[in-house]
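Visitor:
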Amino acid sequence: MLLETLSQLCSLRRDRHAAVVVTDLVEGTERLVVEGEGIDGALGDAVTAAFRSGRSSKLEIDGSQLFLTVHVPEPRIVVIGAVRISQALASMANVVGFDLTIIDPRIGFSSADGFESAQLIVGWPREKLVVDRHTAVVAVAHEPDIDDYAIGAGLRAGCFYVGALGSRRSHAARLLRLQADGFDDEDLSRIHAPIGLDIGAITPAEIAVAILAEIIQSWRRRSLSSAGEAA
Numbered sequence: 001m002l003l004e005t006l007s008q009l010c011s012l013r014r015d016r017h018a019a020v021v022v023t024d025l026v027e028g029t030e031r032l033v034v035e036g037e038g039i040d041g042a043l044g045d046a047v048t049a050a051f052r053s054g055r056s057s058k059l060e061i062d063g064s065q066l067f068l069t070v071h072v073p074e075p076r077i078v079v080i081g082a083v084r085i086s087q088a089l090a091s092m093a094n095v096v097g098f099d100l101t102i103i104d105p106r107i108g109f110s111s112a113d114g115f116e117s118a119q120l121i122v123g124w125p126r127e128k129l130v131v132d133r134h135t136a137v138v139a140v141a142h143e144p145d146i147d148d149y150a151i152g153a154g155l156r157a158g159c160f161y162v163g164a165l166g167s168r169r170s171h172a173a174r175l176l177r178l179q180a181d182g183f184d185d186e187d188l189s190r191i192h193a194p195i196g197l198d199i200g201a202i203t204p205a206e207i208a209v210a211i212l213a214e215i216i217q218s219w220r221r222r223s224l225s226s227a228g229e230a231a
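For the sequence shown, my numbering gives the first residue as 1, with consecutive numbering after it.
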């Protein structure tokens, strides 16, 4: 790998940007493709598939022997609310490759008991939340003063998943609050609510399974168009 390419990759990794190095195995040339960069044709399709799968591969395109080396940041989940659902979600997330952080300002809710597999942060999302497009935001505090900021931050950052707990009635009220904060219908349509795949979940553990399944689905089907970041 060229020193210039390696330097660019290090910078991209530090900023949690995904990239694919396209190497011509015959010519020895390299091309660095950053996620969100538009490429037409068969190569564009192959790069898109590589970003989604996270797997490097060898292929032939238009007579050229190419190797695609994929560099994708580890996906992570930030859960707002240290509740029983997040406790169950924390025990499952690491198994499928997601780092998980829980944020909750409510000291009484934020006991470390039962959250050993997650990083638990006591504080307000406005002060503690850091997200990017490779982050899933899961708002389950069921308190607008806690959840709404995190949902808005997730939308602004282009997070691949933003989900919120609550009934359809409470979500309708949430949408009105977010509209008042300047979000349009296209933004709001990205919120998964009611949260989780519809599997008939009832218990906190079942709801956590539904949420994690929906996060995995969103990660594998995520949009690869360019998006900003926010903290």
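For glycine and all other residues, C-beta sits at the position ideal for the given N, C-alpha and C.
Using alpha carbons as the reference points, say which of Cys10, Asp132, Gly41, Val138 lies closest to Gly195.
Guide: Reading off the sequence shown, one finds Ile at residue 195, where the question assumed Gly. If we check each option's Cα against that of Ile195, Val138 comes out closest.
Visitor: Evaluate contact between the stretch 198-213 and the stretch 92-104, counting only Cβ atoms and requiring at least three cross-stretch pairs below 8 angstroms.
Guide: Yes, since at least three Cβ pairs between the stretch 198-213 and the stretch 92-104 fall closer than 8 angstroms, the two stretches touch.
Visitor: Use the C-beta contact count for Cys159: other C-beta atoms within 10 angstroms, 16 or more gives buried, fewer gives exposed.
Guide: Buried.
Visitor: Quick one: give me the first and last residue of the alpha helix (DSSP H) that Asp51 is part of.
Guide: Note that residue 51 is Phe in the sequence shown here, rather than Asp. From DSSP, the alpha helix (DSSP H) with Phe51 extends over 41-53.
Visitor: At what residue ranges does the stretch 158-207 contain a whole run of the alpha helix (DSSP H), taking only runs of 4 or more?
Guide: DSSP runs (the alpha helix (DSSP H)) wholly in the stretch 158-207: 168-180, 185-188.
Visitor: Let me know the secondary structure DSSP gives Glu60 once reduced to three states.
Guide: Correct three-state label for Glu60: strand.
Visitor: Can you tell me whether Gly228 is buried or exposed, with buried defined as 16 or more other CB within 10 angstroms of its CB?
Guide: Model confidence at Gly228 stands at a pLDDT of 41, short of 50, so the residue's coordinates are unreliable; what they give is reported in the following sentence. Exposed is the call here.
Visitor: Taking Leu212 and Arg190 to be in contact with their CB atoms under 8 angstroms, please state how far apart those CB atoms are, rounded to whole angstroms.
Guide: At roughly 18 angstroms, the Cβ-Cβ gap does not stay under 8 angstroms, so Leu212 and Arg190 are not in contact.
Visitor: Checking 7 angstroms against the spacing of the C-beta atoms, do Ile77 and Phe51 come in under that value?
Guide: Contact: no.
Visitor: Let me know the secondary structure DSSP gives Val22 once reduced to three states.
Guide: Strand, per DSSP.
Visitor: Applying the 10 Å Cβ sphere with the 16-neighbour rule, what's the burial state of Val33?
Guide: It is buried - the Cβ of Val33 has at least 16 other Cβ atoms within 10 Å.
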